[in-house]
Structure formats: C-alpha cells, structure tokens
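As structure tokens, the structure follows; a few thoughts come after it.
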Amino acid sequence: AQSVAQPEDQVNVAEGNPLTVKCTYSVSGNPYLFWYVQYPNRGLQFLLKYITGDNLVKGSYGFEAEFNKSQTSFHLKKPSALVSDSALYFCAVSPGGNTGKLIFGQGTTLQVKP
Amino acid sequence: KAGVTQTPRYLIKTRGQQVTLSCSPISGHRSVSWYQQTPGQGLQFLFEYFSETQRNKGNFPGRFSGRQFSNSRSEMNVSTLELGDSALYLCASSPRDPPTEQFFGPGTRLTVL
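Those protein sequence lines, which keep their order, are chains H and D. For the first sequence, my numbering begins at 1376 and goes up steadily by one. For the second sequence, my numbering begins at 45 and goes up steadily by one.
Right, dumping it as structure tokens:
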C-alpha cells in the first residue's frame, strides 16, 4: 500500500537554530513530493515540491528539502528557524502519471521557541 | 489572483441530513481535488476532477459524491450524514495537468450533531 510517514509528532527547536522535519514514503514509480504547512483554522499552504532534477529543492520562506531516492526520504529543512515558523507541517506524495491525488503523512507540529 | 474559495466556511447539520459544499478554484485552474481532514484519520483524498470528469476517487462510501461544472467550479455532496462525517473539507486546484502543486482553500468545517 502507498503510504507516507512522518515519524515525529512534534519537533521543538530554538529560534535561530536549524530545523529538520522528517518524511519517508512508500510509493512505487517516480512520485512527486511536496511539503505543505497549515496554520490554525487555515487551509494548507504550499511550500515546495520535488518533481525531478536536483535533489535539493528550495521553497517559500527559506525552507528547503532534500530528496533521497535510495532512502525514500524527503526531509524538510531550514537553516535558521523563526518563531513564526511554528505550525503543522505535512509531507505529501503524488503517485504521478495522470493523477494529482495526494497521499499525506500524519503531520508534524513544529514548535519554535524564542 | 484570488485564491481558492470555499463556501460555506462553517456548517452544522444533524444526522441523516445531506449537505452540499462548494469550491471555486483559482482562475484558470481546471483541476480540482477534495480532501477530508479529521484528527483521527488525518488528510484523506476524496475526489479529483478535470474538465468536468471525475478522474480519481478515494476510498469513501457512495454517500460522498461530487461534480465539476464547465467553469471548473466544483461541488461535493454528502448524503445521510453520520457523526463521523464531521471534518474539515478542503478543496484544492492546480494550474497544470496532470496536477503538480495544488493550492488549497480555507476549507469548510462541517459539524454533524
């Protein structure tokens, strides 16, 4: 079965420190990979995507993600966290082909403390 | 450009009733998808539409249905509501086909009493 795993329910980091939010996936073929962020009582906001090409992709608000095909991982990173980055982060995978269906991880709450 | 809009934002219904939720995609986007978000099950795919055709459907009972109109606006309908249908229903649109990144609306919060 196709699945996405975010092994940490919550990640705590001090402001100014680097952050990593982990994601692994189990989807056959060459899936498309995404990160979304959700603020309270809001919809999902697109951060970045990997379709093909360079394994390090850059996105909005200084976030980047590293695709590792052998480890089937797509970890979200930021060199210096801000308090305003505190939110719920979702990793999502699309099997590709003729569908945009997204399979989501369960989400990771990022808490950045001043 | 205006974002994805969803109406209504909040809805309260009782068991057994039916409900229709509406989604207007970003102008020019022809691909629309729906997702259900609950604390227990997380985010789950409901449907995907392109050019008025349902291209993909998630693992939900037949009480859940949807459609897309010629202007790309989409509706989803849930009949015979159950308590477990209480959720945030999110609509997303994509500028590309097949879809790559999708842009989400604020959602409709459905509460079933």
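Just so you know, even glycine gets a beta-carbon here, dropped at the ideal spot from N, CA and C.
Item	Value
Below 8 Å between beta carbons is the criterion; list the residues of the stretch 53 to 70 of chain D that meet it against any residue of chain H, in chain order.	none
If the criterion is Cβ atoms closer than 8 Å, does the pair glycine 151 of chain D and leucine 134 of chain D meet it?	yes
In three-state terms, what does DSSP make of leucine 157 of chain D?	coil
When the Cα of lysine 1493 of chain H is compared with those of H:Val1487, H:Lys1488, H:Ser1461 and H:Leu1477, which residue comes out closest?	Not covered by the structure: residue 1493 of chain H. The range shown for chain H is 1376 to 1489.
Do you know how far the Cα of histidine 1450 of chain H is from the Cα of tyrosine 1436 of chain H?	16 Å
For the beta strand (DSSP E) that contains threonine 49 of chain D, what are its first and last residues?	49 to 51
Determine the contact status of serine 77 of chain D and alanine 136 of chain D, defining contact as a CB-CB distance below 8 Å.	yes
For chain H, find out if any of its Cβ atoms is closer than 8 Å to the Cβ of leucine 87 of chain D; answer yes or no.	yes
Taking proline 143 of chain D as the query, report the chain H residues whose CB atoms sit under 7 Å from its CB, ordered along the chain.	Gly1475
Using 8 Å as the limit for Cβ to Cβ distance, is tyrosine 1407 of chain H near chain D?	yes
If we cut at 8 Å on Cβ distances, does phenylalanine 1479 of chain H have a partner in chain D?	yes
Hey, which unbroken runs of the beta strand (DSSP E) at 3 residues or more fall wholly within the stretch 51 to 104 of chain D?	54 to 57, 63 to 68, 75 to 82, 86 to 94 and 97 to 101
Leucine 1451 of chain H CB to nearest chain D CB: under 8 Å?	no
How is serine 114 of chain D classed by DSSP in three states: helix, strand or coil?	coil
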